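Its first residue numbered 1, the sequence shown is counted upward by one per residue in the numbering used here. Beta carbons: idealized from backbone N, C-alpha and C, even for Gly. Computed from a prediction, not measured in an experiment: that's the story for all the values here. Working notes for the structure below.
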Amino acid sequence: MAEIKFISESFAKPKYEVEDAKQSYYLSPIELAMLSIDPIQKGLLYSLNNSSNEVNYDRTKVISHLLEKLKHSLSLALVHFYPLAGRFATRKYPDEHACSVFVDCTKGPGARLIHASAVDVTISDIMSSIDVPIIVRSFFELGEKMVNHDGHTRALLSIQVTELLDGVFIGFTMNHSVVDGTSFIHFLNMLSELFRLEDQFCDDTTTLKISRVPIFNYKPWIDSTICGDNEDVVPVLKLPYLEPEEFISHGYEPGPLREQIFHFSTASLATLKSKANQECGTHNEISSFQALSALVWRSITRVRNLSKDERTCCNISIIYGKRGRTPKY
């Protein structure tokens with residue numbers, strides 16, 4: 001079985017001082033509810049075949065340049081996404097047997113950048129397999145298991161660059177209590193934007209501008225009747241626990257699981273949407289996403305061999321928070 005080899009790691013902080021980062025970043029109720037689950041993990045797979053045809057191609061230099069450029073772009077991105085450079089902190093209230101968890105944006109060494117290699121693995125090994133190869137799990141945080149609460153000592157953002165035989169896999173791990181899926185993609189787009197403009201950077205701070213600046217001071221859970229017009233006043237959201245062992249579990253082990261990624265073409269989604277609307281007697285009211293979600297849920301309940309009259313419930317969280325993104329969202 002192919003194995004991954006750890007080569008090096010480094011950390012990145014915002015390239016310039018961020019005034020807002022000096023303040024604590026408080027979590028919303030739904031963000032606090034995410035402390036016990038896993039972080040978000042997504043990856044990008046690139047081929048190095050084109051580079052190998054270049055004259056005087058030096059793989060080592062290509063990877064070295066990628067890492068250097070990525071780290072610089074990351075430090076620039078963190079100027080805008082500054083909470084991701086910090087760590088969680090907990091304030092305890094023994095008399096109330098309670099605690100509050102928040103982000104200390106200046107705590108810790110910053111976002112983590114890992115360099116690893118799996119030179120026995122090819123792009124074809126990853127793409128041609130029906131199941132997601134087990135080694136792919138090692139492309140994110142070296143396969144180390146964690147939950148969002150571990151952000152007290154672990155990076156809230158980790159990027160792992162893994163060399164393959166004929167390509168590079170860039171795995172992103174982001175704490176789900178700090179960002180949601182939409183904010184994750186927003187960060188990825190802005191990091192890519194800065195990466196592409198790398199050669200145009202100079203010492204002038206105008207080069208730090210990005211097309212869609214994220215918003216982190218959005219606090220929808222605050223009652224204006226309590227805090228008034230003072231946006232800096234943030235009510236402390238206390239959890240009814242004093243120690244993490246009371247509400248965080250690391251012991252769950254589901255055993256070996258198969259993981260697959262399903263691809264649906266535009267045509268098949270259109271057919272599925274049309275069939276769903278036809279069966280329900282609606283006129284294009286059911287969206288493609290709703291039709292696909294219903295199909296997946298039906299498939300899940302079918303293989304569980306549940307009674308036909310048993311009621312089931314499928315909950316899907318969509319855009320549960322608006323922080324870390326732009327007004328556009």
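query	result
Under a three-way DSSP split, which group does I4 fall into?	coil
From the DSSP output, read off the bridge partner residues of V79.	Its beta-bridge partners do not exist; DSSP assigns none.
In the DSSP assignment, find the alpha helix (DSSP H) that holds H186 and state where it starts and stops.	G181 to R196
Does the Cβ-Cβ distance between L84 and L157 come in under 8 Å?	yes
Can you look up F140 in the DSSP assignment and give me helix, strand or coil?	coil
Just to check my reading of the structure: V132 and E259 have Cβ atoms closer than 8 Å, yes? What is that Cβ distance to the nearest angstrom?	4 Å
Write down the C-beta distance between L45 and F169 rounded to the nearest angstrom, noting that I regard them as a contact closer than 8 Å.	5 Å
The ligand SAM heavy atoms versus the CB of A89: any closer than 7 Å?	This structure does not include the ligand SAM; it has no bound ligands of any sort.
If you run the structure through DSSP and keep just helix, strand and coil, what is F289?	helix
Taking just the CA atoms, how far does Q160 sit from S52?	Only weak support exists for where S52 lies, its pLDDT of 48 falling under 50; the coordinates are left without a value.
Taking 6 Å as the limit between beta carbons, can you name the residues of its chain near A276, skipping five residues before and five after?	I286 and A291
Looking only at its chain, what residues have a beta carbon closer than 8 Å to the beta carbon of V121, apart from the 5 residues adjacent to it on each side?	A2, P133, I135, L164 and L165
When burial is assigned at 16 or more other CB atoms within 10 Å of the CB, is V147 buried or exposed?	buried
Using CA atoms only, rank isn't needed, just tell me which of F11, Y93 and G255 is closest to L67.	F11
Since I123 and S47 are thought to touch, with beta carbons under 8 Å apart, how far apart are those beta carbons, to the nearest angstrom?	6 Å
Between which residues of its own chain and L191 is the CB-CB distance below 7 Å, once the five residues before and five after are set aside?	S73, L74 and A77
Between H263, V103 and A267, which lies nearest to S24 when the distance is taken from Cα to Cα?	V103
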